[in-house]
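Some notes on the structure that comes next.
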Amino acid sequence: MKISYNWLQNYFEEKLPRPEEISEGIIFHSFEVDEIEKIKDDTVFDIKILPDRAHDCLSHWGIAKEVSMIFNMKISSPNGFLKLISEVQPLKPVIGWTSQSETSLKIEIENDKCLRYMGRVVRNIKVGESPSWLKEKLNAIGQKSINNIVDAANFVMYDLGQPIHAFDLDKLEGESLIIRNGKEGEKLTTLDKKEINLDDSILIIADEKSPLAIAGIKGGTKAEVDLNTKNIVIEVANFDATTTRKTAKKINIQTDAVKRYEHGITPELCPIVMDSISEIIYAIAGGEVESIIDIYPNKVLQNTISISVEYINKRLGSDFSKEEIESVWNKLNFVYRELDGEYKIEVPFLRADLIGPHDLTEEVIRILGYDRLVEKLPEFTKDSQITNNTYLKLLLVRSNLLFLGYGEVMTYVFRDKGEVEVLASATGKNFLRTNLTDGLRESIKLNILNLPLLDLKEVKVFEIGTVFFNGGEVMHVAYGDKKNVTEVNIDDFCEKFNLLSEDNLHVESPSQNDTEKKIFKMWSNYPFISRDVAVWMPESDDKEQLKQIFVEEGTDLLIKAPFLFDSFTKEGRTSYAYRLVFQSYEKTLTDEEINPIMEKITSKISSYGWEVR
Amino acid sequence: MKEEIKGREHPLSLIINDTIKIFTELGFQVATGPELEDVYHNFDALNVPKDHPARDMQDTFYIKGDTNKVLRTHTSSVQIRYMEEFAKSGKKPPFAIIAPGKVFRNEATDATHEMQFYQIEGLFISEDISMANLKGTLSYFYKKMLGEDTNLRFRPSFFPFTEPSIEFDLMYKGKWIEMGGAGMVHPNVLDKCGIDSTKYQGFAFGPGLERLMVIKYLMPDIRPAYHGDLRFNQI
Numbered sequence: 001m002k003i004s005y006n007w008l009q010n011y012f013e014e015k016l017p018r019p020e021e022i023s024e025g026i027i028f029h030s031f032e033v034d035e036i037e038k039i040k041d042d043t044v045f046d047i048k049i050l051p052d053r054a055h056d057c058l059s060h061w062g063i064a065k066e067v068s069m070i071f072n073m074k075i076s077s078p079n080g081f082l083k084l085i086s087e088v089q090p091l092k093p094v095i096g097w098t099s100q101s102e103t104s105l106k107i108e109i110e111n112d113k114c115l116r117y118m119g120r121v122v123r124n125i126k127v128g129e130s131p132s133w134l135k136e137k138l139n140a141i142g143q144k145s146i147n148n149i150v151d152a153a154n155f156v157m158y159d160l161g162q163p164i165h166a167f168d169l170d171k172l173e174g175e176s177l178i179i180r181n182g183k184e185g186e187k188l189t190t191l192d193k194k195e196i197n198l199d200d201s202i203l204i205i206a207d208e209k210s211p212l213a214i215a216g217i218k219g220g221t222k223a224e225v226d227l228n229t230k231n232i233v234i235e236v237a238n239f240d241a242t243t244t245r246k247t248a249k250k251i252n253i254q255t256d257a258v259k260r261y262e263h264g265i266t267p268e269l270c271p272i273v274m275d276s277i278s279e280i281i282y283a284i285a286g287g288e289v290e291s292i293i294d295i296y297p298n299k300v301l302q303n304t305i306s307i308s309v310e311y312i313n314k315r316l317g318s319d320f321s322k323e324e325i326e327s328v329w330n331k332l333n334f335v336y337r338e339l340d341g342e343y344k345i346e347v348p349f350l351r352a353d354l355i356g357p358h359d360l361t362e363e364v365i366r367i368l369g370y371d372r373l374v375e376k377l378p379e380f381t382k383d384s385q386i387t388n389n390t391y392l393k394l395l396l397v398r399s400n401l402l403f404l405g406y407g408e409v410m411t412y413v414f415r416d417k418g419e420v421e422v423l424a425s426a427t428g429k430n431f432l433r434t435n436l437t438d439g440l441r442e443s444i445k446l447n448i449l450n451l452p453l454l455d456l457k458e459v460k461v462f463e464i465g466t467v468f469f470n471g472g473e474v475m476h477v478a479y480g481d482k483k484n485v486t487e488v489n490i491d492d493f494c495e496k497f498n499l500l501s502e503d504n505l506h507v508e509s510p511s512q513n514d515t516e517k518k519i520f521k522m523w524s525n526y527p528f529i530s531r532d533v534a535v536w537m538p539e540s541d542d543k544e545q546l547k548q549i550f551v552e553e554g555t556d557l558l559i560k561a562p563f564l565f566d567s568f569t570k571e572g573r574t575s576y577a578y579r580l581v582f583q584s585y586e587k588t589l590t591d592e593e594i595n596p597i598m599e600k601i602t603s604k605i606s607s608y609g610w611e612v613r
Numbered sequence: 614m615k616e617e618i619k620g621r622e623h624p625l626s627l628i629i630n631d632t633i634k635i636f637t638e639l640g641f642q643v644a645t646g647p648e649l650e651d652v653y654h655n656f657d658a659l660n661v662p663k664d665h666p667a668r669d670m671q672d673t674f675y676i677k678g679d680t681n682k683v684l685r686t687h688t689s690s691v692q693i694r695y696m697e698e699f700a701k702s703g704k705k706p707p708f709a710i711i712a713p714g715k716v717f718r719n720e721a722t723d724a725t726h727e728m729q730f731y732q733i734e735g736l737f738i739s740e741d742i743s744m745a746n747l748k749g750t751l752s753y754f755y756k757k758m759l760g761e762d763t764n765l766r767f768r769p770s771f772f773p774f775t776e777p778s779i780e781f782d783l784m785y786k787g788k789w790i791e792m793g794g795a796g797m798v799h800p801n802v803l804d805k806c807g808i809d810s811t812k813y814q815g816f817a818f819g820p821g822l823e824r825l826m827v828i829k830y831l832m833p834d835i836r837p838a839y840h841g842d843l844r845f846n847q848i
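Note that the protein sequences, when read in sequence, are chains Y and D.
Positions 1 to 613 (the working numbering) are the ones given, in order, by the first sequence.
Positions 614 to 848 (the working numbering) are the ones given, in order, by the second sequence.
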């Protein structure tokens, strides 16, 4: 989520640390920060809110609370935007609306997937352009300004994390809102002009006659607030997370509201948000505020967690003191009491992710800092032999085939035909392989083309891997060359080569004794040119001298050490046949570039009195 | 040319071999499990509730015509299978396992992402295995693998199957590199497998191995790993 630095600052009397410090603090105590962007005189963080905190941290308030905890800074009360409004529009007393009048609004919840519904009518407002502070705030986090009412609703959502909707009261049939299931045949046109066919799995907000909005997802055009709107109903409601998520998927609409509801915001947030949105609307659009209708059938119960200092230190392997642990409870604004070494903690409604002591353990270590953990290697009972049968077979088969001169390859599991099919695949290859042979044949073909680059006389490859049938998966091994590929079940292979004999069964994992650092060199994708040179030399002469000529005269284009592919001795002379491979990382080479190099090599060889065959 | 030429091993196998060697020498046992996994072992038993947004974190390959099967999205499913068997056999912790295996995610491929890749799952359960032990074990492993001048740090993260959950970075050649996720096994996961979470605790980790290969051998791109190209076997 995009979080504005200036917006955050509104929560604190004290000056915030620099944006870079804020970002670092958040990364090591709360969430990843994907990006920090300077926008005019503001800085905007793109913060990757973790799924278990999306219910309280997809908001500036949520992040302000994290910042307060990380940097030990007090959040000023009330929330920042109130101060902001009173600074910008000092003429209007922001608490004027508390002299609210009776309301004629009626709300009815017909489905228990609506957990709470607060509605409030505001009459005689002026819809129009938003004040510049509001536009700036929204612009900073990439939101367009629409009008003061819509902007206010969006602002409070990004501020407090609770979606808000506003209906044009005069477009309603009667002054009632009904939260019910849709009916087959009912339709709704969304604000962005998408027509949705409703059914009884879709929770909607309706007036006495027809649907107005899809609950928690998107408003409809029927009661849209526009520039002529005079009277509105503000909705601050809570809908079941799973239902909202499923419906959004079904009708394929993703909105900022869905993103919040699907993570289970607490219904306890509604009153705070209703106050905030009312105050802002009153301040920037005027009007007469009526009293709230609040339908809240099943009040959420507050969770209490018991936890001890010992529990925390045992899980973490730490040695935190009572005072340090209590400092965490205080930073989190927990109400707690201690009884016989156990803390009874009343978890704030806004921390629905804190279920048990394991969750509080995480709070302790992330707030005190993971750098406080001291690395400790545990005690083990040692037995380094491989006893897992599947892995043992894999090791034995692999070492057997490597010994026989086969090179190991790995190919893709996804193919364009097979028995087991995946629902969707980013590559379009939707089937799982039923054999390794097809992939191995492609590998052999590719490697034969590259043979001069491989220092091999012939291509021999193998793969050990899983293949998939309707009945399930089996581990196969396939090995072969350009003539023939053999594929068998790994058990059959082991049996055939008698790999599972008693003396083979005490195996440790092989490992490289790499004292020297090995570095991979990516190959060039341009074609190579290979030239074979065979030279007669007196038996007593050293072939290394010949090799040196190749290296010296071959220029940088000679991309490999010369490969000796044949040699034989006859009548006191030895013939050495070397393969030279030329390739560029920048272009396709031509014979015209290689011929002069070969001529130089030939003449150098002749100058030693050796004969090029 | 009479001498026998040994075939060359795939670099990922080399990485896996070294990894297994380091962990088995410490006392971990190798464990394995199926690639075509059931939804229970891949999600439910790992404390990922149905219809929970956490299932979106991983782009899962679901199997056509069988709503109960997926290509495993992580080797964490091997944890579950091992612990279920372990509990059924009547044995009591401690136990420590290391499980290398291929996993699958349906995402676009690029130089650092593939639809199939290797993960290595580690799990250590006893009466008192702690988060400090997790840090000690991972740190030991990376120092053995990449050299003594590496450093480990933890950052907060979220996985449904661990609590606390962390992401760990490695300081290697002057840069912090994101390596993988880990944490303390969630009590719900232990209980589901039949291991008493009020008595036992422990850690789990599951970094990807391609990342380690790329870092260790300075590879620019992981994609050639699955092209069957022998030029890749140059280590």
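For glycine and all other residues, C-beta sits at the position ideal for the given N, C-alpha and C.
The structure presented is a predicted model; accordingly, all values stated were derived computationally and were not measured.
When the Cα atoms are used, what is the spatial distance from residue i to residue j?
i	j	result
Y/Pro131	Y/Ala285	10 Å
D/Lys705	D/Phe699	8 Å
D/Glu727	D/Lys812	40 Å
Y/Gly472	D/Ser778	33 Å
D/Phe845	D/Ala838	7 Å
D/Asp631	Y/Thr427	32 Å
Y/Leu227	Y/Asn147	8 Å
Y/Leu301	Y/Met118	19 Å
D/Asn655	Y/Ile277	43 Å
Y/Glu593	Y/Asp542	29 Å
Y/Leu396	Y/Ile253	53 Å
D/Tyr653	Y/Lys40	50 Å
If you compare alpha carbons, which of the options is closest to residue i?
i	options	result
Y/Glu262	Y/Leu172, Y/Ala215, Y/Leu449, Y/Asn447	Y/Ala215
Y/Lys457	Y/Lys74, Y/Asp42, Y/Gly142, Y/Asp566	Y/Asp566
Y/Glu324	Y/Tyr296, Y/Lys604, Y/Ile367	Y/Ile367
Y/Lys183	Y/Ile196, Y/Thr190, Y/Cys114, Y/Asp192	Y/Ile196
D/Pro713	Y/Asn330, Y/Glu553, Y/Ser509, Y/Pro596	Y/Ser509
Y/Glu37	Y/Glu24, Y/Ile3, Y/Met69, Y/Pro51	Y/Ile3
Y/Leu188	Y/Glu279, Y/Pro211, Y/Lys460, Y/Ser540	Y/Pro211
Y/Tyr296	Y/Phe563, Y/Phe469, Y/Glu108, Y/Lys547	Y/Glu108
Y/Arg260	Y/Tyr391, Y/Val461, Y/Thr434, Y/Leu58	Y/Leu58
Would you identify the three-state DSSP class for residue i, choosing helix, strand or coil?
i	result
Y/Asn304	Here residue 304 of chain Y turns out to be Thr, not Asn, going by the sequence shown. Residue state, collapsed to three classes: strand.
D/Phe674	coil
D/Ile848	coil
Y/Ile603	In the sequence under discussion, the amino acid at residue 603 of chain Y is Ser, which differs from the Ile named in the question. In this structure, Y/Ser603 counts as helix in the three-state DSSP scheme.
Y/Pro267	helix
D/Thr680	strand
D/Gly819	coil
Y/Ala223	coil
Y/Thr361	helix
D/Trp789	strand
Between residue i and residue j, is the Cβ-Cβ spacing less than 8 Å?
i	j	result
Y/Leu316	D/Met744	yes
Y/Thr624	Y/Glu290	In this structure chain Y extends from 1 to 613, so residue 624 of chain Y is not present and cannot be described.
Y/Ile164	Y/Ala206	no
D/Asp657	Y/Leu446	no
D/Phe754	D/Ile635	yes
Y/Val121	Y/Val236	no
Could you check if residue i belongs to the surroundings of the ligand NAP, using beta carbon to heavy atom distance under 7 Å?
i	result
Y/Asp294	Although the ligand NAP was asked about, the structure shown includes no ligands whatsoever.
Self-check item: At least 3 beta-carbon pairs within less than 8 Å: the stretch 61-75 of chain Y vs the stretch 145-162 of chain Y
Solution: Cβ pair count under 8 Å is three or more, so yes.
Self-check item: At least 3 beta-carbon pairs within less than 8 Å: the stretch 616-626 of chain D vs the stretch 486-500 of chain Y
Solution: Under the 8 Å Cβ criterion, the stretch 616-626 of chain D does not count as touching the stretch 486-500 of chain Y, having fewer than three qualifying pairs.
Quiz item: Taking one C-beta from the stretch 351-368 of chain Y and one from the stretch 45-55 of chain Y each time, how about it: are there three or more such pairs within less than 8 Å?
Solution: When Cβ pairs closer than 8 Å are counted between the two stretches, the stretch 351-368 of chain Y is seen to touch the stretch 45-55 of chain Y, the count reaching three or more.
Exercise. Flag this pair as touching only if the stretch 301-314 of chain Y and the stretch 337-350 of chain Y have three or more C-beta atom pairs under 8 Å; answer yes or no.
Key: Cβ pair count under 8 Å is three or more, so yes.
Quiz item: Is it a yes or a no for the stretch 397-406 of chain Y touching the stretch 771-787 of chain D, going by three-plus beta-carbon pairs under 8 Å?
Solution: Note that the stretch 397-406 of chain Y does not touch the stretch 771-787 of chain D; fewer than 3 beta-carbon pairs, one per stretch, sit closer than 8 Å.
Self-check item: Meets three-Cβ-pair contact criterion under 8 Å: the stretch 637-655 of chain D and the stretch 383-392 of chain Y
Solution: Touching, per the Cβ criterion.
Quiz item: Does the pairing of the stretch 542-555 of chain Y with the stretch 575-582 of chain Y give three or more beta-carbon distances under 8 Å?
Solution: Yes, since at least three Cβ pairs between the stretch 542-555 of chain Y and the stretch 575-582 of chain Y fall closer than 8 Å, the two stretches touch.
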